[in-house]
Amino acid sequence: METGTQPPTAGTQPQSVPSLAGLSTQLRVDVAGHPAWVLVIRDGTLSGKPAAGAEEADAVLKCDSEETLAAFHRGQLNPVVAMLQGLIYVEGDMTLAIRVILGLQAVFAPPPASARALAADGGARKEL
Amino acid sequence: MPVDTVSILDGNEFVVSDARGDIEESPTDPLGLFRDDTRFLSRWVLTINGQRPTLLSTDNLTYYRVSFFLAVATRTIYLDSQLSVQRQRSVGDGFHEELSLDNHSKQPAELTVRLEAAGDFADLFEVKDDNRNKKGQLYRRAANGVLTLGYRRGTFQRETTITSSSDAEVSEEGLLYHVTIPPHGRWSTRVDVRTVSVIQRSDGGAGKPRDLHGSSKPQPERESSLREWISAAPTLVSASSSLVHIYQRSLVDLAALRFHTSVIPGGLPAAGLPWFMTIFGRDSLITSLQALPFIPELASATLRAMALLQAGVFDPFRDEEPGKIPHELRFGELTAFEERPHSPYYGSADSTMLFLILLDEYERWSGDRDLIVSLEREARAAVDWIDGWGDRDGDGFVEYERRNTETGLENQSWKDSWDSIAFADGTLAPTPRATCELQGYAYDAKIRTARLARLVWGDPAWADRLEGEAEALKQHFNEAFWIPERGFFALALDGHKRKVDSLTSNIGHLLWSGIADPDKAQSCVHHLMSDALFSGWGVRTMAVGEGSFNPLGYHVGTVWPHDTSIVAWGLWRYGYRKEAAQLAVGILEAAEVFHHRLPEAFAGYAREATKYPVEYPTACSPQAWATGAPLLFLRILLGLDPHGDHLIVDPALPDAYGELELLDIPGRWGRRDAFGRARHLP
Chain U
-18 METGTQPPTA
-8 GTQPQSVPSL
2 AGLSTQLRVD
12 VAGHPAWVLV
22 IRDGTLSGKP
32 AAGAEEADAV
42 LKCDSEETLA
52 AFHRGQLNPV
62 VAMLQGLIYV
72 EGDMTLAIRV
82 ILGLQAVFAP
92 PPASARALAA
102 DGGARKEL
Chain G
-16 MPVDTVSILD
-6 GNEFVVSDAR
4 GDIEESPTDP
14 LGLFRDDTRF
24 LSRWVLTING
34 QRPTLLSTDN
44 LTYYRVSFFL
54 AVATRTIYLD
64 SQLSVQRQRS
74 VGDGFHEELS
84 LDNHSKQPAE
94 LTVRLEAAGD
104 FADLFEVKDD
114 NRNKKGQLYR
124 RAANGVLTLG
134 YRRGTFQRET
144 TITSSSDAEV
154 SEEGLLYHVT
164 IPPHGRWSTR
174 VDVRTVSVIQ
184 RSDGGAGKPR
194 DLHGSSKPQP
204 ERESSLREWI
214 SAAPTLVSAS
224 SSLVHIYQRS
234 LVDLAALRFH
244 TSVIPGGLPA
254 AGLPWFMTIF
264 GRDSLITSLQ
274 ALPFIPELAS
284 ATLRAMALLQ
294 AGVFDPFRDE
304 EPGKIPHELR
314 FGELTAFEER
324 PHSPYYGSAD
334 STMLFLILLD
344 EYERWSGDRD
354 LIVSLEREAR
364 AAVDWIDGWG
374 DRDGDGFVEY
384 ERRNTETGLE
394 NQSWKDSWDS
404 IAFADGTLAP
414 TPRATCELQG
424 YAYDAKIRTA
434 RLARLVWGDP
444 AWADRLEGEA
454 EALKQHFNEA
464 FWIPERGFFA
474 LALDGHKRKV
484 DSLTSNIGHL
494 LWSGIADPDK
504 AQSCVHHLMS
514 DALFSGWGVR
524 TMAVGEGSFN
534 PLGYHVGTVW
544 PHDTSIVAWG
554 LWRYGYRKEA
564 AQLAVGILEA
574 AEVFHHRLPE
584 AFAGYAREAT
594 KYPVEYPTAC
604 SPQAWATGAP
614 LLFLRILLGL
624 DPHGDHLIVD
634 PALPDAYGEL
644 ELLDIPGRWG
654 RRDAFGRARH
664 LP
C-alpha cells in the first residue's frame, strides 16, 4: 500500500549518502502495519520506491503512522526517542537498520561544516 | 539513614535490596529492580504472620545470584526460632526468587506468607535526584494468577508481571499464601518477576512485549559463559593471594558489567552500578583500553558500538556534532520524552579522541585489520571533529562549552562535575574550557591515527599531515599551558585563554599521551609523587592546598583508581617505572581493604592520617574503569607492550609482589606468558 509520505529519495535521482558508504542493503518501511516503501542502498547510494507488498528486506522499519515517518523525514524526530516511545521499531537486522536510520538523519537535516562555519553563519540554528 | 544493600546485576538489569532481600523505596538508597534506566519494582517485602524475618546471613553466590538466610524469631533468633527462611534470587529477564520455609518444630506450622509488591516506574534520573513528577498513569491489575504493575504515558508503556509456581491469592497489593508445613517439613515456591517494555503494535492491535537490547541468557548458559570468560583471560600466579583475588574479582565484575545489545555482537562494559548501568563513551573506551591485554573482546564491541552511534548531525539539545563519539545512551522515560538529552547525549569532549586511541591500541594488540579497515570512515570523521567542531575558535586546541544550557553537562571532560575546573584561588574558570588532557588525547589520537593511515588504510600523505599537526600541537601546547613559576601544566585554558593554575592529576594524563616535553615531564612527576597529590593510596584529583581542594570533593580531592592507573601508565611511558609501581602498590593495597573491589572513588585523606582508605559516600561499585584499574596496573608492573607481532615483557616489580606470572596473554602473537620478579628499582 502506498502512503502519502514520500521516502527520502522518491522522485529524485539516487543520492549518495557518505555515512552509508560501503553499505548495500534493502530496508522496507511499513506504516501502520502496511508495507509502504522500500529503501535500496547500493554502496552508499540511496534510492526509494513504493513497496509492492511485503517485499523481502534485510530489515523492516515499522512506523506507527505517517506522521511519525513525516516527522523523521523533516529531521524533527530523533530515531532513538521514536523507538523508546514505541513509535517505530525494527524487525530483522537491527544493526543495519540503525546504521541506515542514523545515516538518513544527516540527509534530512544536513549539518553545517564546522563550529566556525556555524558561528560565521550567524550562530546556532537550533541553540536552546 | 542508608541501609546495607545487596546488589545483583546482569548488564543493564539489576536488583538492589536490603540485606534481607526486601525492597522499599527510599530517598537514601536506590533500592529496586531496574532495567532500561527504569525502576520496574520499588516495593518487595516479605512478611510471615505479619512479621519481617530476621537476617542471619547473605551469600552473594555470583554477580547475578544471591541467597538470603533468614529466620522468624520472637526474642532472639537463637533461642526462639522454629522457622528458617531462605530466599534465593537471580537476575536476568526480571528476577526469579525461590522462597523456602523450613519448620524446625515438632508441631505443624500454620503460616500466612505475604509478598507485597509495587512499582513506581521511576526513571533512574528521578531516583538519583529524588524528584518524581510522573506525567503518566500507574496501574495495577490482578487476574488469572498474574499481578501486573504498569505505567503508561502515551505510547510509552512499561510493565512488571509477577507470577508464582504455587497457589497464591493474587491481589493488586501482592501475593498471599496460606501455608501449613508439617513438623520438620518444608514449603517452597518460585516467584517470577518479569519486566516488559510494551510497544504498541503499529496496526493498532494489542500491545506486544519488546526487548530493546536483547534478552538475558538462561542461568545455566550464563554460568558456562562466566566460566568461559574467566578461562579465556590470562591466569595470574602470585604469592600474593590478595592480588590474585583482586584480579579474579575484576574479571567477574567486568563480566557482570557487560552490556548486551541486539545491535552489537558481544558485550561492552556498562559504566557502573547503580547510576551508570548503560553505554558511556568515555568509560567504555577507557575500560576497554585497560582490559585489552586480558579481554580484547571488550574493545572490539566498544569500538563497533561507538562507531554505530557516532554523530552525523548537528543537534544542540544533545550537544551533538558530526563525527563526535557519544557520551551516554539512556532508555528511560525522561530520555524518551526529551526531558533529558540522552538519546544519545554527546556531551563529552574526550570520547572522540579516546575512540581513535583505542582503535590503534586494539590493532597493536589484536592485529584485527578487518575491524580497522571497516572503521576508516568513522576514524576520518572523528579526526574531522577534532579539527573542526572540537576546536571552536581555531586556536589549535580542543575546547568545550555546552550548547544545551538546561540539561547538558557544564564540564565535558572526565572531571564532569560542575566545580572541577577552577583556578588555584577556587574561582571557577569561565567557558569555553580547553582542559589540558584533551590536548594530550588529541596529540596521541593523531599520532596513532597516522600509524593506522600508513599501515592499514594506505594513505601515507594523510599520515604525514596528521604527524605534522600533532607535532605542531605538542609545541604549541608546551608553550601555552606551562606554568613556569609552579612547574606544571595548567589544568586548562579558560574562555579568556588564561591558564587555570590548579595542580591536578590531569598532568599525569599528559604523560600517558606523550605530549609533555621531557624536562617538563620530570617536574610533573615530582608534583604527582608529592604529598600534595599522592595520598599514599593514589593520586588525588586535586592537590592539597588548592583553593577548591576537598578530600571528599567528587573531582577536587578524591582519589579515583582509574585516574591513578592512567597516571601510572604515563609514568611508565616516560620511564619512571619505580614511581609507576609505587602508585600500583598504593591502589592495590586499597583494593584489599575494599574487599578486593575498587570503588569508583574514595576520599583523598592522607594515608598516614586514616590508615585505611575512606569510602566516598555515593561511589558506584562495581565501576567499570575502577574494575579495569588492577588490570592496567598488572600490565604496567610486567611492562607489557606489543612490538610488531611480539609481546615485550619488561617487568619493574616492587618487593611487595615478589614474583608474578601472567600466563596465556592473548594477542596477535597467539598466547604468550609473562614472568617478572621483584628487584631494586632505580
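Here the protein sequences come in this chain order: U and G.
Per our numbering, the very first residue in the first sequence carries number -18; after that it's consecutive.
Per our numbering, the very first residue in the second sequence carries number -16; after that it's consecutive.
The beta-carbon is built from N, C-alpha and C at its ideal position, and this holds for glycine as well.
Owing to the predicted nature of the structure, the values given are computational and were not obtained by experimental measurement.
Check this for me: beta carbons of Val10/U and Leu20/U, under 8 Å apart or not? yes
Measure the C-alpha to C-alpha separation of Glu321/G and Arg560/G and round it to an integer number of angstroms. 48 Å
For Gly188/G, I'd like the list of residues in its chain whose CB is within less than 6 Å of its CB, leaving aside the five on either flank, ordered along the chain. For Gly188/G, the predicted structure reports a pLDDT of 41, less than 50, and the residue's modelled location is therefore unreliable. The matter cannot be settled from this model.
The region 277 to 292 of chain G: which residues have C-beta closer than 7 Å to a C-beta of chain U, in chain order? Leu291
Scan the region 80 to 92 of chain U for residues whose Cβ lies nearer than 7 Å to a Cβ of chain G and list them as they occur along the chain. Arg80, Leu83, Gly84, Gln86, Ala87, Ala90, Pro92
For Ser5/U, does the count of other Cβ atoms within 10 angstroms reach 16, so buried, or fall short, so exposed? exposed
Could you name the residues of the same chain whose beta carbon sits closer than 7 Å to that of Asp19/G, not counting the 5 residues immediately before and after it, in chain order? Asn(-5), Ser180, Leu195, Phe314, Gly315
By the three-class DSSP mapping on this structure, what secondary structure does His87/G have? coil
With 7 Å as the limit, tell me which residues of the region 60 to 79 of chain U have their beta carbon closer than that to any beta carbon of chain G; keep them in chain order. Val61, Val62, Leu65, Gln66, Gly67, Leu68, Tyr70, Met75, Thr76, Ile79
Ala253/G: contacting residues in chain U (beta-carbon distance under 7 Å): Going along chain U, no residue has its Cβ under 7 Å from Ala253/G, so there is no contact; the nearest lies around 17 Å.
Just mark Val220/G as buried or exposed, buried being the case when its beta carbon has 16 or more other beta carbons within 10 Å. exposed
Outcome for Trp401/G when other beta-carbon atoms lying within 10 angstroms are tallied against a minimum of 16: exposed
Mind checking who Met525/G pairs with in its DSSP beta bridge? Thr487/G
Between Glu321/G and chain U, is there a C-beta pair that is closer than 8 Å? yes
Is the separation between the beta-carbon of Pro276/G and that of Asp647/G shorter than 8 Å? no
Rounding to the nearest angstrom, what Cα-Cα distance links Pro93/U and Gly391/G in this structure? 21 Å
What residue from Glu155/G, Arg115/G, Leu66/G has the CA that sits closest to Gly133/G's CA? Glu155/G
Restricting to Cα atoms, I'd like to know which of Gln422/G, Gly137/G, Phe338/G is closest to Gly67/U. Gly137/G
At a Cβ threshold of 8 Å, is Ala33/U touching chain G? no
Helix, strand or coil: which one does DSSP assign to Gly190/G? At Gly190/G the pLDDT is 44, less than 50, meaning the model places this residue with poor confidence; the figure from the coordinates comes in the next sentence. Coil, per DSSP.
Between Asn461/G, Asp442/G, Arg385/G, Leu29/G, which lies nearest to Gln422/G when the distance is taken from Cα to Cα? Asn461/G
Contact set between Ser0/U and chain G, taken where Cβ atoms lie within less than 7 Å: Gly295
Check the C-beta distance from Val508/G over to Glu562/G and give it rounded, since I have them as a contact under 8 Å. 6 Å
If you compare alpha carbons, which of Gln7/U, Gln(-6)/U, Thr26/U is closest to Asp74/U? Gln7/U
Residue-chain proximity (Ala38/U, chain G), Cβ-Cβ < 8 Å: no
Check whether chain G comes within 8 Å of Met(-18)/U, counting only Cβ atoms and requiring the distance to be less than that. Any answer about Met(-18)/U is weak, because its pLDDT of 39 lies below 50 and its placement is not dependable; what the coordinates show is given next. Output row for Met(-18)/U: interface = no.
Separation of Ala238/G from Tyr46/G, as counted between CA atoms: 9 Å
Run through the DSSP bridge pairs and tell me what Gly4/G is partnered with. BP columns for Gly4/G are empty, so no partner.
DSSP puts Glu692/G in a beta bridge; with which residues? Outside the displayed range of chain G (-16 to 665) lies residue 692/G, so it cannot be described from this structure.
Is DSSP giving His228/G helix, strand or coil here? helix
Hey, out of Arg360/G, Pro257/G, His243/G, Tyr383/G, whose CA is closest to Asp302/G's CA? Tyr383/G
Measuring straight from C-alpha to C-alpha, what distance separates Ser678/G and Arg173/G? This structure cannot settle anything about residue 678/G, because the visible part of chain G is limited to -16 through 665.
What does the alpha-carbon distance come out to for the pair Ala639/G and Val568/G? 8 Å
Helix, strand or coil: how does DSSP classify Leu240/G here? coil
In angstroms with no decimal places, state the Cα-to-Cα distance between Val28/G and Val81/U. 46 Å
Buried versus exposed call for Phe658/G [16 or more other C-beta atoms within 10 Å across all chains shown]: exposed
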